[in-house]
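Novice: Could you have a look at this structure, given as structure tokens, before my questions?
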Amino acid sequence: MTKTEEEQAAAGQVETVTVPRLNPPSMADSNIESYFMSLDFWFAASGITAQHDSRKFNIVMAQVPPNKLTELRGILEAVPEVGKYTYIKAKLIEYFADSQQRRLQRVLSDMPLGDMKPSLLFNEMKRVAGTSLSDAVLLDLWGSRLPPHAQAAVIASTGDAANKCAIADAIVDSMGLRNISAIASNSPRVAPGSTDAPAVSSIAAMQGEIAELSRKLEQVLRFRNLRGESRSRSRSRRSYGPRERDSADGPCWYHRTYGNDAERYTGADVSVIPRGLRSAGAKPTSMQLFAANGTPIKVYGEVLLKVNLGLRREFSWQFLIADVTSGIIGADFISHHDLLIDLKRKRLIDNTTRLEAAGVLARTNGCAIKTFSAQSPYAEVLAEFPTITRLAPPGTVSKSAVFHRIETTGQPAYDNRGQIKTNYNVLNSTANRLARAAIDEIAGKSEPNGDGDYIIAVCMQPSDRLVTTLLAIWKAGAAYLPLDPTFPANRIEHILKESRPVLVIHEDYENLTVFGETPAVAYADLRQKASPLSNANLLPEQMLGAGDNALALVLYTSGSTGVPKGVRLNHETILNRLQWQWNRFPYSETEKVGVFKTALTFVDSVTEIWGPLLNGMSIVVVPKKITNNPERLVELLEEYKIERLVLVPTLLRSLLLYLPLQKKKLLYNLRIWVCSGEPLQISLAKDFFDYFLEGVHQLCNFYGSTEVMGDVTYFVCESKKQLSNFDKVPIGYPLDNTVIYILTPDLQPVKPGEIGELFVSGLNLAQGYVNGRDPERFIDNPLAVDLIYSRMYRTGDFASVTKGCVYYEGRTDSQIKIRGHRVDLSEVEKNLLSMAGIDKGIVLCYHAGELDQALLAFITVEKGSSYKNGLQIEGALESKLAYYMIPQVILLDSIPLLVNGKIDRQSLLKMYENTNNNDDSNIEIEYDYAGVPEHKLAMAQALFTTVGQVIGRSTRTKISLQSNFYELGGNSLNSVITVTQLCQKGHAISITSFIGAENLAEILDKMYANQKHIAEHEQLNGGAPKDHEFEFEYTMNLTAQPLADEHKEDAINILTYSFYEKADLERWIKPLIKEQDYRDILEDIWDVLIEKQLSFVIKDRSGKSVGVSLNFDAYDEPEPELTNNLVIIFEFLEYVEKPIREEKLPQGINQILHSFMMGTCADLSAQENIEAMHFMESEVLKIATRRHFTGILTTNTSPLTQQLGSNVYKYETMLDYQINQWEYSDGSRPFGKAPEDQRVIVHWKDIRKQH
């Protein structure tokens, strides 16, 4: 019996075999399962067992292509401690299998013949499908894509795939229909001479010409419609990756041969190159091209070329060889490679990689090559309808009977603080893809709700992605339902449970359990799923509900029963409101940009978004942080020359307080001001005309509610003289197709001047509430004559009519408006009384509709309750109510009652008024000056008393250095009032500094520092205004030395530490970058740094290097080749800098000194760090002045350098950008987890006056 190996080993009889070391198999995403099968055998052969779990995991991850790591970030973050290999194996198979499925889908539906030879189409389909499909199946799919006359011949033929391909090629060639092949022989093809060519009958010629025109139209229309999303990237001026080369000798053959003529696009249909030595002996083929004037152009064959356009990918294309003088890139090349020509910005955009290359817009004598003759009978048709085959010129407006179709020509669709996000073409294309992806998510899983509506909820912050998502929802045939991400969980849960949306699209919303059983998908995931889908407009039968859904959106408002209710608004309703606006307040010729600043849950957002977009304008998306800061809001409105603005009276008052404090008149371009959401006080309207010009600026008072599409009446304030005729601002006159009724309780009209309840009828009415709630609000109209007025809405508002003008007279119920939001006191009260430990309570509104309006809650607590003050209760309410619904809570020992046992509301309001609001000079507020230095005491007294007087009745606790202005009861409005009063008292402090301070101690320090600097300057300059640089008292005895090799180690150590350990951007992607990455790039550019002599190190008195500053000429910078993930950082910086550098700053060499990197030593104290930074800044200024630069450009990502740049060094802020909004070229958001207040600022300092 043969012994086993174990037995032989025990007996010492087994020979030792040396196994050669094997390399692990290479990962191939085309067959990932085979890779893992091979890898498991390799593990066994190498002695790597299950006990080596981490080692197996690391071996796999080392083979994942670097460009895939970002996409796999979510998978890597969830790797378990045990079973790492099993986990990553399953996830990678799933991930790459999905990629294979997308390739298969492309074969099945997305690979038309287009401008390829039939044989090449078959080969391409086979390559993409891999082993997934047999030749027989592929032949059927391929045959269905051929022209009809070729299909019949192929079906009738026998033989293998090669034989069928040869037949199809011959037929298409003989018909003269073949255009440009994607891949073919490198040698020129010589067509048979005329004696060998088959005769073609006149009928066949006519058929050929018709088929040619059809194909050409299809090709160019595809060129118009199939555009992917593009985004600015810096690739024209500097390259952060390996540069493509056709060979090691330099540029590609095409560029080497034709030089500057290589990249010429003239609007030609096809791509051609001139005859050269390579085709000198070739005979003309049967194919002919035509110049714009109809002159025939001979064709001598074709040649495959690889074109380098500076876009980091290879462009292979079959060029025709023809009688032309220079190479021409045609529409065939542009369309096939998914490129876009941006004539305005002179860029070539690659929609596949989202990269750009710079071009030159110049007149040329190059031919406009055409594939059909000017004598063709179809030439007249194309001349009459040029947009069939050519993009419409800029400014062309195309009207559509379909309301929600966005035109695909015109200006950029929206803009986010200086960064263009997309244009109309991309907006339409992306929305179509997202719509299809959303339908795929929903299909077969969800039914319409009880009202028969398909609703998709949106839980996203304002951004370009939000606007695209809303349009996609409409294109999918659904209505959108906004969910504010700041809403408390219980409010979102109620909305979803009642409205039953078929899907929730969210963005970085962490508490996904709130969505319950409602299907939810992240925007990034939906965008990825949408990428391979068609971007064509959806047909009605492809939409949800076959396109019959008339509902446009659902907005939830505060309900009279204490429960929020959803308002259902139709497309027709929105259209009526917009058409009235366009007719009554048309956009001017100079009005190019609108603003979207209102919360999506508020009805005014509808007109802010769709009003401009449906008129071919741009919109700028304004974050809430800017809206709440009058200083920054004014800057934005001024920058974009905004001409109309919708705002609540509270915000108008803030702006009117801020504007007179400025040195120059601002917002002159803003001609139309629309107040909505709250009653407009006549005193505020008069204040408006103290600043703005009568006859130039209009102040409009719009009245309405969500149930009537926001506005149903309007009044235009034109002058103070006009307003002197009114005791209060009217709400005015009805909109088009709208009737206003003032009725008695039995629905009879009141007499002129009498007060009744206001009812609305007409096209502005909503369809009703979700689930048919509160049917008594939408009733039959007994006074109607016309059917369009057969229903009317009971507003719950009192009103009166005098001389045809309507006046608002208050509410019939407990609803009020707070900053434009409807708030029902019963809803606030219900949530308050549901809290454990609360005994009794009531919610009231003090001076509803007035400027000093206050939402108040008077309560008593149960014995033993943990609540000791109102602030604790307000904090607990944050989890139950929206922020604007939280009242000021006042704790009482008992609540006063009337003799009938009801709560004495008037006594409570009088108690509040007497305590807090009757006489501001007698407000009882406790001031605590503990910790205030003696030399700052007077200033602290001015600060504390001003804060106390402004907040007054709302002050919750004593005022001290540790007090936070907003915790005391402050808000954005009274912060402006406080700053205004402090400035009037001679204490300098900016609104931004005041708003950004953590407590009053920080505000006091800033006020004192400002006063000290002003006093020092006036003393030195005899009282002259201060305008010189901030002066610094140095203690470190610093010196600067030009960068040299001896500094290399110190400089690299300092910069690596500064940017890897401390930088604000890098910390969000640290798992993806290594310390060595920075060392590599600095090594790469070191010689250039020394050569340019614009960089330096600084040393202290001991000779130690304590700081480094790297600087370049912005138009003469090195091109580091990055093969690591620092490319993310560099692409982001280029993204924010590029528009500023190219569009707003001087152009050319020796104009812009780019302060590129600046870092300090790790062991410096905070004070030393600031001193070193300030010294380096002064040295950069010296270099720029000495070398005669126009100015200095720098991008600051840390709060310290931002503050120094803006407030100390007096740089101009060219861009202030929220970093978590940025998308990398792969669609991910590397800084997505950064807080909203983390920003990057692009600074510019013009130094020409200092030369």
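Heads up, the sequence shown is in full-length UniProt numbering, so the first residue is 1 and it goes up one at a time. All C-beta atoms in this analysis are idealised placements derived from N, C-alpha and C, irrespective of residue type, glycine included. Predicted model only: the values in this text are computed from it and were never measured.
1) Reducing DSSP to helix, strand and coil, say where Glu-643 ends up.
2) Give me the Cβ distance between Lys-728 and Ile-779, rounded to the nearest whole Å; I'm assuming they're in contact under 8 Å.
3) Got a sec? Which residues, its chain only, sit under 6 Å from Arg-465 by beta carbon, not counting five neighbours each side?
4) Report yes or no: do three or more beta-carbon pairs, one from the region 930-947 and one from the region 998-1013, lie closer than 8 Å?
5) Rounded to whole angstroms, what is the Cα-Cα separation between Thr-706 and Leu-555?
6) Name the two residues that bound the continuous beta strand (DSSP E) containing Met-1214.
7) How many angstroms separate the CA atom of Gln-722 from the CA atom of Leu-693?
8) How many angstroms separate the CA atom of Tyr-1209 from the CA atom of Gln-1202?
9) Look up Pro-1042 in the DSSP assignment and give the residues it is bridged to.
10) Quick one: complete beta strand (DSSP E) runs, 3+ long, within the region 455-481?
11) Ordered along the chain, which non-local residues of its own chain (more than five positions away) have a Cβ less than 6 Å from that of Gln-63?
12) Who are the Cβ neighbours of Asn-163 in its own chain at under 8 Å, not counting the five residues just before and after it?
13) Can you grab the Cα-Cα spacing for the pair Leu-1082 / Gly-1227, in whole Å?
14) Are Asp-824 and Ser-429 closer than 8 Å when you measure CB to CB?
15) Does Met-1158 come out as helix, strand or coil in the three-state DSSP assignment?
16) Is DSSP giving Phe-1189 helix, strand or coil here?
17) Output the distance between the C-alpha atoms of Gly-301 and Phe-319, rounded to the nearest integer angstrom.
18) How many angstroms separate the CA atom of Asp-746 from the CA atom of Pro-782?
19) So, do the region 478-492 and the region 871-882 have three or more beta carbon pairs nearer to each other than 8 Å?
20) Pull up the distance between the alpha-carbon of Leu-544 and that of Ala-478, whole angstroms please.
21) Using DSSP with H/G/I as helix, E/B as strand and the rest coil, what is residue 1254?
22) Using only CA atoms, which one of Thr-627, Ala-457, Pro-485 and Lys-298 lies nearest to Ala-472?
23) Let me know the secondary structure DSSP gives Ser-683 once reduced to three states.
24) Could you tell me the distance, in whole angstroms, from the CA atom of Phe-96 to the CA atom of Arg-127?
25) Quick one: grab the DSSP three-state call for Phe-692.
26) So, with DSSP's three-state summary, where would you put Asn-449?
27) Does the distance from the CB of Pro-462 to the CB of Val-621 come in under 8 Å?
28) Could you tell me if Pro-1230 is buried or exposed, where buried requires 16 or more neighbouring beta carbons within 10 angstroms of its beta carbon?
29) Quick check on Gln-219: does DSSP put it in helix, strand or coil?
30) In angstroms, rounded to a whole number, what distance separates the CA positions of Lys-1233 and Ile-48?
31) On the criterion of 16 or more Cβ atoms from any shown chain inside 10 Å, does Gly-1148 qualify as buried, or is it exposed?
32) What ranges does the alpha helix (DSSP H) occupy inside the region 54-84, keeping only unbroken runs of at least 4 residues that lie completely in it?
33) With DSSP collapsed to three states, give me the class of Thr-945.
34) Would you tell me roughly how many angstroms separate the C-alpha atoms of Lys-475 and Val-467, rounded to the nearest one?
35) DSSP state of Leu-877, grouped into three classes?
36) Glu-441 and Pro-519 - do their beta-carbons sit closer together than 8 Å?
Specialist: The relevant details are as follows:
1) Taking the sequence shown and counting its residues from 1, the one referred to as residue 643 is at position 643. In the structure shown, Glu-643 sits in coil (DSSP, three-state: anything other than H, G, I, E or B).
2) Residue mapping note: residue 728 aligns to position 728 of the sequence shown, counting from 1. Residue mapping note: residue 779 aligns to position 779 of the sequence shown, counting from 1. That pair is no contact at about 29 Å.
3) Position 465 of the sequence shown, counting from 1, holds the residue named residue 465. Taken in chain order, the residues that qualify are Tyr-523.
4) yes
5) Taking the sequence shown and counting its residues from 1, the one referred to as residue 706 is at position 706. Taking the sequence shown and counting its residues from 1, the one referred to as residue 555 is at position 555. Computed Cα separation, rounded: 7 Å.
6) The residue you call residue 1214 lines up with position 1214 of the sequence shown. Segment 1212-1218, the beta strand (DSSP E) holding Met-1214.
7) In the sequence shown, residue 722 corresponds to position 722, counting from 1. In the sequence shown, residue 693 corresponds to position 693, counting from 1. A direct Cα-Cα distance of roughly 14 Å separates Gln-722 from Leu-693.
8) Mapped onto the sequence shown, residue 1209 falls at position 1209. Mapped onto the sequence shown, residue 1202 falls at position 1202. Distance between the alpha carbons of Tyr-1209 and Gln-1202: 10 Å.
9) The residue given as residue 1042 occupies position 1042 in the sequence shown. Partner(s): Phe-1096.
10) 455-459
11) Counted from its first residue, the sequence shown places residue 63 at position 63. Met-27, listed in sequence order.
12) Your numbering for residue 163 matches position 163 in the sequence shown. Excluding residues within five positions, the ones whose Cβ falls inside 8 Å are Ser-157.
13) Walking along the sequence shown from the start, residue 1082 turns up at place 1082. Walking along the sequence shown from the start, residue 1227 turns up at place 1227. Distance between the alpha carbons of Leu-1082 and Gly-1227: 28 Å.
14) On the sequence shown, residue 824 is found 824 positions in, with the first residue counted as 1. On the sequence shown, residue 429 is found 429 positions in, with the first residue counted as 1. Not a contact, by the Cβ cut-off of 8 Å.
15) The residue labelled residue 1158 in the question sits at position 1158 within the sequence shown. Met-1158: strand per DSSP, three-state reduction.
16) Reading the sequence shown from its first residue, position 1189 is the one you call residue 1189. DSSP places Phe-1189 in coil when its eight states are reduced to three.
17) In the sequence shown, counting from the first residue as 1, residue 301 sits at position 301. In the sequence shown, counting from the first residue as 1, residue 319 sits at position 319. Going by the C-alpha atoms only, they are around 9 Å apart.
18) Working through the sequence shown from its first residue, we reach residue 746 at position 746. Working through the sequence shown from its first residue, we reach residue 782 at position 782. About 11 Å.
19) yes
20) Here residue 544 corresponds to residue number 544 of the sequence shown, with the count starting at 1. Here residue 478 corresponds to residue number 478 of the sequence shown, with the count starting at 1. Looking at the two C-alpha atoms, the distance is approximately 7 Å.
21) Nothing in the structure corresponds to residue 1254, since the chain is present only between 1 and 1251.
22) Position 472 of the sequence shown holds residue 472. The closest CA to that of Ala-472, considering only Thr-627, Ala-457, Pro-485 and Lys-298, is found on Ala-457.
23) Here residue 683 is taken as the residue at index 683 of the sequence shown, counted from 1. Ser-683: helix per DSSP, three-state reduction.
24) Counting from one through the sequence shown, the residue named residue 96 turns up at place 96. Counting from one through the sequence shown, the residue named residue 127 turns up at place 127. Using only the alpha carbons, I get a separation of about 17 Å.
25) As a working note, residue 692 is residue 692 in the sequence shown. Phe-692 falls in the coil class under three-state DSSP.
26) Position 449 of the sequence shown, counted from the first residue, corresponds to residue 449. The three-state reading of DSSP puts Asn-449 in coil, since its state is none of H, G, I, E or B.
27) Within the sequence shown, numbered from 1, the residue matching residue 462 stands at position 462. Within the sequence shown, numbered from 1, the residue matching residue 621 stands at position 621. Taking 8 Å as the Cβ cut-off, Pro-462 and Val-621 qualify as a contacting pair.
28) In the sequence shown, counting from the first residue as 1, residue 1230 sits at position 1230. Taking all protein chains in view, the Cβ of Pro-1230 is crowded by 16 or more other Cβ atoms within 10 Å, so the residue is classified as buried.
29) To locate residue 219, count along the sequence shown from 1; it is residue 219. Bear in mind that the predicted position of Gln-219 carries a pLDDT of just 44, short of 50, making it unreliable; the figure below should be weighed with that in mind. When secondary structure is reduced to three states using DSSP, Gln-219 falls in the helix class.
30) For the purposes of this step, residue 1233 is identified with residue 1233 of the sequence shown, where counting begins at 1. For the purposes of this step, residue 48 is identified with residue 48 of the sequence shown, where counting begins at 1. Lys-1233 and Ile-48: Cα-Cα distance of roughly 38 Å.
31) On the sequence shown, residue 1148 is found 1148 positions in, with the first residue counted as 1. Label assigned to Gly-1148: exposed.
32) Those alpha helix (DSSP H) runs which fall completely within the region 54-84 and span 4+ residues are 66-69 and 73-77.
33) To locate residue 945, count along the sequence shown from 1; it is residue 945. It is helical.
34) By one-based count along the sequence shown, residue 475 stands at place 475. By one-based count along the sequence shown, residue 467 stands at place 467. Distance between the alpha carbons of Lys-475 and Val-467: 13 Å.
35) Here residue 877 refers to the residue found at position 877 of the sequence shown. Three-state result, Leu-877: helix.
36) Working through the sequence shown from its first residue, we reach residue 519 at position 519. Working through the sequence shown from its first residue, we reach residue 441 at position 441. Against a cut-off of 8 Å, the Cβ pair of Glu-441 and Pro-519 comes out as a contact.
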